[in-house]
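Asker: Residue numbers (our numbering): 34 to 383. Built from N, CA and C at the ideal position, the CB exists for glycine as well.
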DNA sequence: ATTCCACGGGAATCGGTGGCAA
DNA sequence: TTGCCACCGATTCCCGTGGAAT
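#1: Which residues in the same chain have their Cβ closer than 6 Å to the Cβ of residue 80, if we skip the five residues on either side of it in sequence?
#2: Got a sec? Which residues, its chain only, sit under 7 Å from residue 353 by beta carbon, not counting five neighbours each side?
#3: Suppose contacts are defined by Cβ-Cβ distances below 8 Å. Is residue 173 in contact with residue 107 by that definition?
#4: Roughly how far, in whole angstroms, is the beta-carbon of residue 276 from the beta-carbon of residue 259, given that I think they are within contact range, below 8 Å?
#5: Over what stretch of residues does the alpha helix (DSSP H) that includes residue 141 continue unbroken?
#6: Strictly by DSSP, which residues pair up with residue 177?
#7: Report the three-state DSSP secondary structure of residue 367 (helix, strand or coil).
#8: Below 8 Å between beta carbons: does that hold for residue 153 and residue 64?
#9: Just the Cα atoms here: how many angstroms apart are residue 24 and residue 82?
#10: Evaluate contact between the segment 83-102 and the segment 41-54, counting only Cβ atoms and requiring at least three cross-stretch pairs below 8 Å.
#11: Mind checking which residues open and close the alpha helix (DSSP H) that includes residue 280?
#12: Rounded C-beta distance between residue 162 and residue 113? I'm assuming under 8 Å.
#13: Let me make sure I understand the geometry here. Which of 92, 54, 313, 373 has the alpha-carbon closest to that of residue 359?
#14: Confirm, please, whether the CB-CB distance from residue 336 to residue 323 is below 8 Å.
#15: So for residue 10, helix, strand or coil by DSSP?
#16: When you compare only the Cα positions, how much space is there between residue 286 and residue 195?
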């Protein structure tokens, strides 16, 4: 059923971005100076998750670098320190990576030296930065211009000093969620590329677009899951049931990927919570202590303190893997989807 | 009103890595 | 080669907070 799986990857960039013409124009204008070898203008792009901010930027940068001598760096800011951001920019530019123990100030100096012609740096998920210090460092570099991608522009701008705020709000724009029709167009284009012709109807695509409320990323994943289900059940085209089942499957898939990406501590706590099906904090800690020695036996890691467990638990919540009910000592932990299982062996322990 | 208890922020610390100078 | 230093991520320790239980 799926002719080309890559079409449904998060990283896949379509040749043409549908329904983002205005935004593409906006970016081209801001970057126009770079065509003549001058620094581009800074840009602030905002909008809810999954509406194509990153795709838009990557797509437009690709076009730009095709006919202008511009270097680019794409930084995923989430959880990065200032040094981490600068390091990541250096990584994307030509030259060797500085070693891990180079002080922050030296990294900034290296960056100054390395940027001799126009460079555009994308700070993706900039809300994830602890401070705006990283941006301060970047704008200090001559010839370097930035693209800041964030969810809440007001919150972001309020964190900046006047000079930076003016620089960024010069070319600022937001992306909205797609309408059902627009997203259905996007899904149709993907289906044409990745699925055999006529395997999905326009109506089904609209159902998906509607269900995911205009969030392109989720829509594409749902379409993929619908196609996978059709494949498993050997339908020659996607059925309405494949579609209605696809949403839960897409969510589950994302959760499974998230869970597997986490270290052992997290997965062990997750598994305890899953088996407990509604555990109070006290119970959770007791169970952890009871099995810790055996569970960690033969592993590099060692059991962690209660405080550290709380940090892991917050991470599980952040990743939408568990939920918390109640307050204070009566809060209860529960997994969001009991079908999502951590692939660790606990049966011999519990 | 007081006690209890878990949360979560922040500072200190630990362990591993790698450059650099003696 | 060896010792020293700076980095960083992960962890522990300390503690203020706040709502339920007593």
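Answerer: From the atom records:
#1: 86, 207, 208
#2: 288, 369
#3: no
#4: 5 Å
#5: 137-147
#6: 152
#7: Look at residue 367 here: in three-state DSSP terms it is strand.
#8: yes
#9: No answer is possible for residue 24: it lies beyond the span of the chain, which begins at 34 and ends at 383.
#10: yes
#11: That run of the alpha helix (DSSP H) goes 273-294.
#12: 7 Å
#13: 313
#14: no
#15: Residue 10 is absent from the model: the chain starts at 34 and stops at 383.
#16: 44 Å
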